[in-house]
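1321 is the number of the first residue of the sequence shown in this note's numbering; add one for each residue after it.
Built from N, CA and C at the ideal position, the CB exists for glycine as well.
Nothing here was measured: the structure is a model prediction, and the numbers come from that model.
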Amino acid sequence: PWEESKMKLYMHPVSNTSRPVILFIEENKLPVDMEVVDLMTGAHLQEPYVSINPNGLVPALVDGDFVLTESSSIIKYLADRFNLPSYPKDLKARAKVNELMDWFNTGFYRDYAYGVVYPQIYPHHKRPSDELQKGTIEWGKGLTKKWLKVLNDHWLGHGNKYLTGDQLTIADVFGAGLLTCGHVIRDEFKDYPNIDAWLKRIEQL
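Here's what the structure looks like:
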C-alpha cells in the first residue's frame, strides 16, 4: 500500500535503543531494510558507520539522502511518514505520548540499560573488576526499581490497558522495546503485575 522505499535501519538486535524501532517496524510491516551493526566488534565506532552516525551509536535510519538518529525520533518520523494512528494527531494526546517517550528515554533507559543490561552483555561496558561489575549492577537495579514502581503504579495504574489509556500508541511500543531487552539477561517483571500484563498484551499483538 505504500510507495517503494529505500529506507534502511542500521541497528543491533539486542541494543536497548534499536529494539523499540525494530519492534515498531515489524508490528506495522513497514518497508524498511535492516542492517546489523556489530557492536561486539566495535563496527559502530568505525567507517563506514561513523559517516552515517558520528555519535557511534545505533540505531540510524537512512531514507534516501535523509539520515535520522535517536530511536524515539525515528519512530515518530516513521509514524508520521506512514500516517499511522498510533501517533495521535490531537495536540494533547500527542503531547502525552511525547512525554512518555521522553520519560523512558531520560530516566528508565539510562539507569536500566547502562546500569543493568549493558554491563552484562557488551564487552565494552563490562567493568574492569568483578567487584566493580557487581556494584554497578546492584546500583543500576536499585535505581531502576524507582522507575518500575512509577511505571507500574502510575502510568499503568488506574486500570489502564496501555500507557495513555485504552489505545495503543508508539509510546507503548517504545517502552516495551526498552524493557524487553531485559529478556537477554533473563530479567522478568513479575513483581510488577501491571507491567507484566502490559508486556504480555503487546507481545500478543
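Quick one: using the 10 Å Cβ neighbour count with 16 as the cut-off for buried, is residue i buried or exposed?
i                  : result
glycine 1362       : exposed
leucine 1411       : exposed
glutamate 1323     : Residue confidence is low: glutamate 1323 scores 46 on pLDDT, short of 50, so the model does not pin down where it sits. No coordinate-derived value is stated.
valine 1493        : buried
lysine 1396        : buried
serine 1335        : buried
tryptophan 1518    : buried
valine 1370        : exposed
proline 1321       : With a pLDDT of 40 at proline 1321, under the threshold of 50, the predicted position of this residue should be treated as unreliable, and no value is reported.
leucine 1525       : exposed
alanine 1491       : buried
leucine 1359       : buried
phenylalanine 1428 : buried
glycine 1479       : exposed
alanine 1433       : buried
leucine 1499       : buried
threonine 1456     : buried
threonine 1426     : exposed
glycine 1384       : exposed
proline 1439       : buried
alanine 1399       : buried
Taking 8 Å as the cut-off, decide whether the C-beta atoms of residue i and residue j are in contact.
i               : j                  : result
glycine 1495    : arginine 1339      : no
isoleucine 1515 : leucine 1476       : yes
leucine 1343    : histidine 1364     : no
aspartate 1431  : leucine 1463       : yes
methionine 1421 : leucine 1381       : no
serine 1393     : leucine 1488       : no
proline 1379    : methionine 1331    : yes
valine 1437     : isoleucine 1522    : no
valine 1352     : isoleucine 1372    : no
threonine 1337  : valine 1417        : no
leucine 1350    : phenylalanine 1402 : yes
valine 1357     : proline 1333       : no
valine 1470     : serine 1391        : no
Which one or two residues does DSSP pair with residue i in a beta bridge?
i              : result
glutamate 1523 : In the DSSP output, where bridge partners are listed per residue, glutamate 1523 has none listed.
tyrosine 1482  : Gly1485
Span of the alpha helix (DSSP H) holding residue i?
i              : result
lysine 1328    : Unbroken run through lysine 1328 is the beta strand (DSSP E), 1328 to 1331; no alpha helix (DSSP H).
glutamate 1508 : Taken as a continuous stretch (DSSP letters only), glutamate 1508 belongs to no alpha helix (DSSP H), as it is neither H nor E.
threonine 1456 : 1450 to 1470
glycine 1497   : 1490 to 1499
leucine 1476   : Element bounds for leucine 1476: n/a, residue is neither H nor E.
aspartate 1538 : The structure shown has nothing for residue 1538, since the chain only spans 1321 to 1525.
proline 1439   : 1438 to 1441
tyrosine 1432  : 1429 to 1432
Would you say the beta carbon of residue i comes nearer than 7 Å to a heavy atom of the ligand ATP?
i           : result
valine 1352 : What this structure holds is no ligand at all, so the ligand ATP is not there to describe.
Does any residue of chain B bring its CB to less than 8 Å from the CB of residue i?
i               : result
methionine 1354 : Of the protein chains in this structure there is only one, and it is not chain B.
Unbroken stretches of the beta strand (DSSP E), 3 residues or longer, contained in the region 1340 to 1406: The qualifying runs are 1353 to 1356, 1380 to 1383 and 1386 to 1389.
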